[in-house]
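Start counting the sequence shown at 1; every next residue gets the next number (the UniProt record's numbering).
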Amino acid sequence: MDQKKLVSDEINAGTTLIQSVNETLPVQAAFWLYDTYEGQWFLYLASDRVTDANIVEGYGHVLRAYNESPSLYLDPLHVKLIPLKSPLAQEALASYERYPSTTVKRIYGWSFGGLTISGGYLYPPTITAPTPSPSTS
């Protein structure tokens, strides 16, 4: 099966979205995965503040961030929020420890956190870390 390659515009748009979401909802891990069963790419954002009970509120943060940058080369319907304790998020955190990096890394393999995939991209922790606010002296 042919898989649409994730282009650098989408990866860059993901970076912008992650940083914007992170202003109001902490994102501890972020990655793109090509879901083999659905046949498309999804951007996963993992946060310790996301639960089943507040997932709708969490997506409000995503839509706010998306609407602040309407030129993003990204479909907000392809963004999935997940709890930090989910197997996918735990796999990302383990990858951060196994393969430290300051750049986006390609994910190879057939499975990631129990999901059957055809590939992916893992954003480095430096992208998901909150940007310090400038001090007002």
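All C-beta atoms, glycine included, are put in the ideal place defined by N, C-alpha and C.
| Query | Result |
| --- | --- |
| Q40, buried or exposed, once every other Cβ within 10 Å from all chains shown has been counted against 16 | exposed |
| Counted within 10 angstroms of its Cβ, other Cβ atoms place Y121 as buried (16 or more) or exposed | buried |
| Segment limits, beta strand (DSSP E) that includes Y44 | Q40 to S47 |
| Rounded C-alpha distance that separates P83 from S47 | 5 Å |
| Which listed residue (K80, P124 and Y96) has its alpha carbon closest to that of V104 | P124 |
| Anticipated Cβ contact below 8 Å, G14 with L93, distance rounded | The pair is not a contact, with the Cβ atoms about 18 Å apart (cut-off 8 Å). |
| Three-state class that DSSP yields for residue 203 in the structure shown | What the structure shows of the chain is the stretch from 1 to 137, and residue 203 is not part of that stretch, so it cannot be assessed. |
| When T128, R106 and A129 are compared against S118, the one with the closest alpha-carbon | R106 |
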